[in-house]
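Chemist: What the sequence shown shows, in our numbering, is residues -13 to 202, in sequence order. Quick reminder that beta carbons are idealized off the backbone N, C-alpha and C, glycines included.
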Amino acid sequence: MNELAILLTLISALGPQGHSAIDSAEVILARAAEAYRVATTLRSEFVQRIEIPALEAEKEGRGVVFQRKPNYFLMKFDEPEGDIVVADGQWFWMYYPSAQPDQVVRTAIDRTSEGATLGGQFLVSPTERYVATYVQRDVVGHRPAYLLSLVPKFEAPYTLVRVWIDAQDYLVRKFEIHEENETVRTITLSNVEAGIDLPEDLFRFTLPPGVEVFTR
């Protein structure tokens, strides 16, 4: 499966009410899309879990993610230490020294898309691009959330996305991406801060000595 395509797919009513108009997927997605639109910057801690049935393997990583719309993104791993993903406004860089210390992959950023932001693929015109279904109310990190399932209407490297949207601020707190090969990638966000100052210098990628660059 294309690691880059999945990653790009990656990176907003309270109370015990019954199922009502507020619990419709369309209403929730509309509010989440608006919360995403006004949040020009974001910082969050994350935990990423990847389940790979074909290899009977699981991987887990954690760290901090930053984004500044439209084309700046930083996913800095504490575990595995040194792994990093950076969008510097022009290029999207992926460097995983824990697995391939001698190479980095880069691809040009489409400046007309939301590909360099976490959640942009799901929250820009979502009802036009996905069949959305309300699943249930849930809790993520002690915060109430709405769980929705999204099935893409377009050709995508995944078949299903489950997304947890915070019931207070309507920012996304968790993604679960089901890939075509049955791999499941889950990203959980915590300590989310939106609308903070993030300097452009934060999003610079420095090529380590001796590392080869592969352009896609």
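1) What is the rounded straight-line gap between the Cα of Val51 and the Cα of Gly106?
2) Straight-line CA distance for Arg171 to Phe161?
3) Please check if any C-beta of chain C sits within less than 8 Å of the C-beta of Glu46.
4) Which word fits Thr98, buried or exposed, when buried means at least 16 other C-beta atoms lie within 10 angstroms of its C-beta?
5) Taking the C-alpha atoms as reference points, what is the distance between Asn177 and Ser30?
6) So what's Gly47 in DSSP terms, helix, strand or just coil?
7) Got a sec, what are the start and stop residues for the beta strand (DSSP E) Glu165 sits in?
8) Between Lys55, Pro130 and Asp88, which has its C-alpha nearest Leu184's C-alpha?
9) Could you pull the DSSP bridge partners for Lys62 from this structure?
10) Inspect the beta-carbon positions of Leu175 and Arg159 and report whether they are closer than 8 Å.
11) Buried or exposed: where does Glu198 fall if 16 or more other Cβ atoms within 10 Å of its Cβ makes it buried?
12) Since Arg202 and Thr93 should fall inside the 8 Å C-beta cutoff, what is the C-beta to C-beta distance between them, to a whole number of angstroms?
13) Report all residues from its chain with a CB closer than 8 Å to the CB of Ile14; omit the five preceding and five following residues, and keep chain order.
14) Per the DSSP calculation, Leu133 is bridged to which residue(s)?
15) How far does the alpha helix (DSSP H) with Val197 in it extend, from its first residue to its last?
Modeler: The relevant details are as follows:
1) 14 Å
2) 8 Å
3) Among the chains in the structure shown there is no chain C, since it carries only a single protein chain.
4) Because the pLDDT at Thr98 is just 43, under 50, the model does not fix this residue reliably, and the value given afterwards should be weighed accordingly. Classification of Thr98: exposed, given that the 10 Å Cβ count is below 16.
5) 6 Å
6) strand
7) Val158 to Glu165
8) Lys55
9) Val50 and Ile70
10) yes
11) exposed
12) 5 Å
13) Ile8, Tyr120, Tyr132, Leu134, Ile151 and Tyr156
14) Gln122 and Trp150
15) No alpha helix (DSSP H) holds Val197; DSSP gives it neither H nor E.
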